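Worksheet: one structure, shown below.
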Amino acid sequence: MASHRQRRLLAFSGAVVLALTVAACGGTSEPTAEGKLDTPECAAYKDYTGIAGETVTIYSPIRDAEAGLLEDAWKAFADCTGVKIEYEGSGEFEAQLKVRVEGGDAPDLAFIPQPGLLEFFAKGGKLKAAGEKTKAMATQNFSPDWLKYGTVNGTLYGAPLGANVKSFVWYSPSLFKEKGWTVPGTWDEMIALSEKMVTAGIKPWCAGIGSQDATGWPATDWIEDVLLREQGPDVYDQWVTHAIPFNDPRIVSATDRVGSILKNEKYVNGGIGGVKSIATTTFQDGGLPVVQKKCGMHRQASFYANQWPKGTKVAEDGDAFAFYLPAIDPAKGKPVLGGGEFVGAFTDSPATQAVQTYLASADFANSRAKLNNWISANKGLDVANVSNPIDKVAVGILQDSGAVFRFDGSDLMPAAVGANSFWKGMTNWINGTDTKATLDFIEGTWPK
Amino acid sequence: MSTGTETVLAAPDAEVPPTVAGRVRKKLTSRTASAISLVIALLWTVPTLGVLISSIRPENEIKSNGWWNFFSNPQFTLENYEQVLFGSRSASGGLAGYFVNSLVITIPSVLFPLAFCALAAYALAWTRFRGRDWIYIGIFALQIVPLQMALIPLLSFFNYGVSLGGFQLLPAWDLDGPAKFITVWFAHTCFALPLGIFLLHNFMAELPGDLVEAARVDGATHAKIFRSIILPLIVPALASFAIFQFLWVWNDLLVALIFAGGPKNAPLTVRLAELAGNRGNEWQRLTAAAFVSIIVPLTVFLSLQRYFVRGLLAGSVKG
Amino acid sequence: MNFDFTAEAPKLMMLLYGVIAFAAVVGLLLLVLDVLPARKDRWIALGLLAPAGLLLLVGLVVPAIRTMILAFMNADSTEFVGLENFLWIFTDKNSGMLPDFGATPVQYGVLLSTLLWVLLVPTVSTAVGLVYAVMVDRSRFESFAKSLVFMPMAISFVGAGIIWKFVYEYRQEGADQIGLLNQLVVAMGGTPQQWLLDGPWNTLFLIVVLVWIQAGFAMVVLSAAIKAIPADIVEAARIDGVTAGQMFWRVTIPSIRPALVVVLVTISIGTLKVFDIVRTMTGGQFGTSVVANEMYTYSFRADERGKGAALAVLLFLFVIPIVIYQVRLMRRRRLEGAR
Numbered sequence: 001m002a003s004h005r006q007r008r009l010l011a012f013s014g015a016v017v018l019a020l021t022v023a024a025c026g027g028t029s030e031p032t033a034e035g036k037l038d039t040p041e042c043a044a045y046k047d048y049t050g051i052a053g054e055t056v057t058i059y060s061p062i063r064d065a066e067a068g069l070l071e072d073a074w075k076a077f078a079d080c081t082g083v084k085i086e087y088e089g090s091g092e093f094e095a096q097l098k099v100r101v102e103g104g105d106a107p108d109l110a111f112i113p114q115p116g117l118l119e120f121f122a123k124g125g126k127l128k129a130a131g132e133k134t135k136a137m138a139t140q141n142f143s144p145d146w147l148k149y150g151t152v153n154g155t156l157y158g159a160p161l162g163a164n165v166k167s168f169v170w171y172s173p174s175l176f177k178e179k180g181w182t183v184p185g186t187w188d189e190m191i192a193l194s195e196k197m198v199t200a201g202i203k204p205w206c207a208g209i210g211s212q213d214a215t216g217w218p219a220t221d222w223i224e225d226v227l228l229r230e231q232g233p234d235v236y237d238q239w240v241t242h243a244i245p246f247n248d249p250r251i252v253s254a255t256d257r258v259g260s261i262l263k264n265e266k267y268v269n270g271g272i273g274g275v276k277s278i279a280t281t282t283f284q285d286g287g288l289p290v291v292q293k294k295c296g297m298h299r300q301a302s303f304y305a306n307q308w309p310k311g312t313k314v315a316e317d318g319d320a321f322a323f324y325l326p327a328i329d330p331a332k333g334k335p336v337l338g339g340g341e342f343v344g345a346f347t348d349s350p351a352t353q354a355v356q357t358y359l360a361s362a363d364f365a366n367s368r369a370k371l372n373n374w375i376s377a378n379k380g381l382d383v384a385n386v387s388n389p390i391d392k393v394a395v396g397i398l399q400d401s402g403a404v405f406r407f408d409g410s411d412l413m414p415a416a417v418g419a420n421s422f423w424k425g426m427t428n429w430i431n432g433t434d435t436k437a438t439l440d441f442i443e444g445t446w447p448k
Numbered sequence: 001m002s003t004g005t006e007t008v009l010a011a012p013d014a015e016v017p018p019t020v021a022g023r024v025r026k027k028l029t030s031r032t033a034s035a036i037s038l039v040i041a042l043l044w045t046v047p048t049l050g051v052l053i054s055s056i057r058p059e060n061e062i063k064s065n066g067w068w069n070f071f072s073n074p075q076f077t078l079e080n081y082e083q084v085l086f087g088s089r090s091a092s093g094g095l096a097g098y099f100v101n102s103l104v105i106t107i108p109s110v111l112f113p114l115a116f117c118a119l120a121a122y123a124l125a126w127t128r129f130r131g132r133d134w135i136y137i138g139i140f141a142l143q144i145v146p147l148q149m150a151l152i153p154l155l156s157f158f159n160y161g162v163s164l165g166g167f168q169l170l171p172a173w174d175l176d177g178p179a180k181f182i183t184v185w186f187a188h189t190c191f192a193l194p195l196g197i198f199l200l201h202n203f204m205a206e207l208p209g210d211l212v213e214a215a216r217v218d219g220a221t222h223a224k225i226f227r228s229i230i231l232p233l234i235v236p237a238l239a240s241f242a243i244f245q246f247l248w249v250w251n252d253l254l255v256a257l258i259f260a261g262g263p264k265n266a267p268l269t270v271r272l273a274e275l276a277g278n279r280g281n282e283w284q285r286l287t288a289a290a291f292v293s294i295i296v297p298l299t300v301f302l303s304l305q306r307y308f309v310r311g312l313l314a315g316s317v318k319g
Numbered sequence: 001m002n003f004d005f006t007a008e009a010p011k012l013m014m015l016l017y018g019v020i021a022f023a024a025v026v027g028l029l030l031l032v033l034d035v036l037p038a039r040k041d042r043w044i045a046l047g048l049l050a051p052a053g054l055l056l057l058v059g060l061v062v063p064a065i066r067t068m069i070l071a072f073m074n075a076d077s078t079e080f081v082g083l084e085n086f087l088w089i090f091t092d093k094n095s096g097m098l099p100d101f102g103a104t105p106v107q108y109g110v111l112l113s114t115l116l117w118v119l120l121v122p123t124v125s126t127a128v129g130l131v132y133a134v135m136v137d138r139s140r141f142e143s144f145a146k147s148l149v150f151m152p153m154a155i156s157f158v159g160a161g162i163i164w165k166f167v168y169e170y171r172q173e174g175a176d177q178i179g180l181l182n183q184l185v186v187a188m189g190g191t192p193q194q195w196l197l198d199g200p201w202n203t204l205f206l207i208v209v210l211v212w213i214q215a216g217f218a219m220v221v222l223s224a225a226i227k228a229i230p231a232d233i234v235e236a237a238r239i240d241g242v243t244a245g246q247m248f249w250r251v252t253i254p255s256i257r258p259a260l261v262v263v264l265v266t267i268s269i270g271t272l273k274v275f276d277i278v279r280t281m282t283g284g285q286f287g288t289s290v291v292a293n294e295m296y297t298y299s300f301r302a303d304e305r306g307k308g309a310a311l312a313v314l315l316f317l318f319v320i321p322i323v324i325y326q327v328r329l330m331r332r333r334r335l336e337g338a339r
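Chains as they are written, first to last, in the UniProt record's numbering: chain A, 1 to 448; chain B, 1 to 319; chain C, 1 to 339.
The following block contains the structure:
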């Protein structure tokens, strides 16, 4: 019986070997990619010569459908130049990138959403400084405000790629119309509107800060946005670089102002529950009561446009739209909080540098923007290529020379705070810890 | 708990107890036993059932009300499955490619630990040499080393090789393309060893020593003892270890992300994790994905079930 | 599904090579053993242990030593800091390791919740697995019944996260519930709860998830052990007319004791290391974090590698009692063997 089975196994594996050998011989290797830069349709890429047949690997936190759109966006570039771009997106990007880089398996390029992480690799000598062409392209297309975040000790390491604007408040235009409410232009108007909503029996605010292991980040965005409005960009910068302590009275004041909304049982959590329900609601679900008309307003970034249920009309006269989170003190200017990715290079081959340069170009920005759901702070981005109405508003804000742009502070701080204790602290704060204890805790975890 | 456990006697093919009272009790315990096992089975299955039902509901329904509403308001769609099975991204092809990768990763990652653990466990249980117990305890204790702490050193081992004081003892592996699978097998095998050796050693050490002694007196080599005496007896233990090793590898995301070397070699889990969407908002797809990925491990479990055979040791002298 | 066979062929070749390499290695080892005389136990053991030993050295021993060194170094591993990281664990309030009953909300501390996990998960999963294995043994639906409890193990973690979202999810009173547990509460006239928010209960709700997964492991291993009980022992007991309870406690349990120990020990160690459940369900917030989760956070996210490594070493220390138990078990087995 045993020997019978063995024989059968032998015969089976023999058949497999045969099949595989045949398959292996039958499969011809794919033709090596040749550039076709001299053809007319490739005129735009004529400067990117000599990289045909090279492979550039990219590692990024962007995945699924949006990753596919990125690949579509640079397809023409890749076809013309003959460079092969191998793209990989991961939900565990930050931790994995550290492991890979240290283990000697770094990608050629990485899309890094945290300037703090970029700095970590740059200071560790892992990142290569941007080449001359990349630098020229980046300087041409991005404002100093943005380039600063890709620069470490005066050297540019990464040009910005995509962007998002966080200073948005989502609302339901149809509900506003129904009730005769108008979009507030100042902070005080916004609070007055909140009171009106309370009188009308609708909780004015809803929020959710759940985000698996990053739970807490939406609350940190709130603090940053309000601090920027209360104290202006200079104090904000001092706070981010720890020139002033985390528990400075000015931070306490900003946190308390956020608390007057997020920890106010009268104001939250529309359509979801009480204050504490903010902590257990995912950020994806946090704003959904807006379209159910159970909640008046939801402060969240431009990318929240993708979270609405299928069939929601995102437009100024639709089911959901967003207004700019108004200024508190008009004298402090028009602050904009946002985020984005930076393209850092771990190798400096000509092909890597060429791709890095191309990704900083207006050509790429427009090519990607045409495919929907994406914006950039690239000055060459033509707003006509942006189809989504909220993205149009966001591009308008990013290109507004009167606006003061600041990057998401938690992405700038050391990871021990920005990706750990700040999140933890804010989650506990929502869950009942007072402002002082919260800020003291975060201050205590700032690396010495 | 003790009422439920009385089923050892109450099994269907057990002899009928001779007394009337016994017969009555048998019926009773049999009934409680069935009831309790039914409750456990239910408790363990209902959460999964909820997801199974959700997987055939439309996205907006899943996200706005509970799955039990399916019974009162059945809305049926295969869209979630369509997206999981056919929603392909340009670079990585369809699900089939990931499926092949999963198989290529899993099969050797089960076979190697199975063999190495069985051999090592045999050495630790049935050969005599000094320090044997301490080696065993050492291997046992290695179970606690978290996988995560081993990632960077192991990755460096592949990419930089081993050098001591400027002298290159082992070169870098320098693998590319499909050959990268070797590093995944290597990693999975390393991480499986402590538990595997522990499981199999315990099983082997319990086998009656007289069997082995008798064979040794007859002049059998260790290879012969291992093959013809030990191996047939540890089949159930091997089968259970194989099942679990298969599961761990099949469901592993971390090792694959680090060692597989890019999307072309990525297993199913990588694709499934990706399905949740860029910002995790498409999680309704995961309901379908969970059932697509469960098919293979469940098949393996059911097919290895028949190796859990009763009474292999029947007739032998115990301890 | 567009299946491009030529693209997959090299991978399948690789698989074939892998299987051939496997056969070659195992065949060679057994061949060498055949040639060596049976008396040279030391050399034979060396040959048998060599493959596993080398892999363990590279894959686990070196990383373990490296972790222990890192535990005494600073955040970016550039200088030695002595016991600072360990002092941080046990004395710095901000580490969150120790309970702080004065805080609002009360902090139970990472160490205490880890202890709760290690006490509850192994015992409860093993009990459930054992009861179930005994009960479905020899029943007509054994295979089917077992796959029901086995299923949670087979479901990928991605799937498990969704499954428990559909159990614990909270919606406010009056709204449609998505979570089964709250639906039941509402159906019985209660108000919906945020199960994962308030300690120490939230830790228990997370523990349920791991028990749900691990019971399948316990059941499979114990079922194999139950089937290995020599039939003559069961027969003899039956002829002696023992009751079902006596059979369980005097025959079944002693016969499968080694397997029980294996299951308990394995699940205990697994529980110490588990963190995906905590990470995906609460992110370690609301006082639900465990040592392994903090280890991961500090090592890979917070750039505090020294602290992360120190927490890993703490895990190593936790396992020492289990190791001592194993040593004693082995000594006892040795004595019995000598008798």
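Glycine included, every Cβ here is placed at the ideal spot set by N, Cα and C. All of these numbers come straight from a predicted model, not from anything done at the bench.
Please report the distance separating the alpha-carbon of residue i from that of residue j.
i                       : j                        : result
methionine 14 (chain C) : glycine 177 (chain B)    : 10 Å
threonine 445 (chain A) : asparagine 94 (chain C)  : 7 Å
glutamate 15 (chain B)  : alanine 228 (chain C)    : Model confidence at glutamate 15 (chain B) stands at a pLDDT of 44, short of 50, so the residue's coordinates are unreliable; what they give is reported in the following sentence. The alpha-carbon atoms of glutamate 15 (chain B) and alanine 228 (chain C) are separated by roughly 20 Å.
threonine 220 (chain A) : glycine 283 (chain C)    : 16 Å
threonine 28 (chain A)  : threonine 6 (chain C)    : Confidence at threonine 28 (chain A) is low in this model, with a pLDDT of 39, below 50, so the placement of that residue should be treated as unreliable; the coordinate-derived value is given next. Distance between the alpha carbons of threonine 28 (chain A) and threonine 6 (chain C) is about 8 Å.
asparagine 85 (chain C) : alanine 292 (chain C)    : 16 Å
valine 336 (chain A)    : glycine 232 (chain A)    : 11 Å
proline 152 (chain C)   : valine 128 (chain C)     : 14 Å
aspartate 13 (chain B)  : isoleucine 144 (chain B) : Legend: pLDDT at aspartate 13 (chain B) = 41, less than 50; position of this residue unreliable, no value from coordinates given.
alanine 91 (chain B)    : proline 321 (chain C)    : Low local confidence applies: a pLDDT of 41 at alanine 91 (chain B) is under 50, so the model's placement there is unreliable, and no value is given.
For the alpha helix (DSSP H) that residue i lies in, which residues bound it at each end?
i                        : result
glycine 270 (chain C)    : 253 to 273
methionine 151 (chain C) : 142 to 154
proline 108 (chain B)    : 95 to 126
Going by Cα to Cα distance, which pick from the options is closest to residue i?
i                           : options                               : result
tyrosine 59 (chain A)       : A:Trp429, A:Pro389, A:Arg100          : A:Arg100
serine 37 (chain B)         : C:Pro63, C:Leu49, C:Pro122, C:Val131  : C:Val131
glycine 174 (chain C)       : A:Gly271, A:Thr281, A:Ala43           : A:Gly271
tyrosine 17 (chain C)       : B:Lys63, B:Val104, B:Glu79            : B:Val104
phenylalanine 205 (chain C) : C:Thr67, C:Val185, C:Arg305, C:Trp164 : C:Trp164
proline 236 (chain B)       : B:Thr221, B:Leu253, B:Asn202          : B:Asn202
lysine 266 (chain A)        : A:Ala200, A:Ile223, A:Pro245          : A:Ala200
State the start and end residues of the unbroken beta strand (DSSP E) segment that holds residue i.
i                     : result
alanine 55 (chain A)  : The residue you asked about is not alanine; residue 55 (chain A) is threonine in the sequence shown. That run of the beta strand (DSSP E) goes 55 to 60.
leucine 169 (chain B) : 167 to 170
valine 336 (chain A)  : 334 to 345
leucine 88 (chain A)  : Reading off the sequence shown, one finds glutamate at residue 88 (chain A), where the question assumed leucine. That run of the beta strand (DSSP E) goes 84 to 89.
Closer than 8 Å, Cβ to any Cβ of chain C: which residues of the stretch 93 to 112 of chain A, in chain order?
Going along the stretch 93 to 112 of chain A in chain order, one finds Glu94, Ala95, Lys98, Val99 with a Cβ nearer than 8 Å to chain C.
Measuring CB atoms only, is the stretch 208 to 216 of chain A touching the stretch 345 to 356 of chain A, in the sense that at least three cross pairs come out at less than 8 Å?
Three or more beta-carbon pairs separated by less than 8 Å are not found between the stretch 208 to 216 of chain A and the stretch 345 to 356 of chain A, which leaves the two stretches without contact.
Pull out every residue of the stretch 145 to 166 of chain B whose Cβ sits closer than 9 Å to any Cβ of chain A, in chain order.
Shown in chain order are the members of the stretch 145 to 166 of chain B whose Cβ falls below 9 Å from a Cβ of chain A: Gln148, Leu151, Ile152, Pro153, Leu154, Leu155, Ser156, Phe157, Phe158, Asn159, Tyr160.
Identify each residue in the stretch 71 to 98 of chain C for which the Cβ-Cβ distance to at least one residue of chain A is less than 7 Å, and report them in chain order.
For the stretch 71 to 98 of chain C, the beta-carbon criterion of a distance under 7 Å to any beta-carbon of chain A is satisfied by Ala75, Asn94.
Residues in the stretch 318 to 331 of chain C having any Cβ partner in chain B nearer than 9 Å:
If you check each beta-carbon in the stretch 318 to 331 of chain C against every beta-carbon of chain B, the ones closer than 9 Å belong to Phe318, Val319, Ile320, Ile322, Val323, Gln326, Val327, Met330, Arg331.
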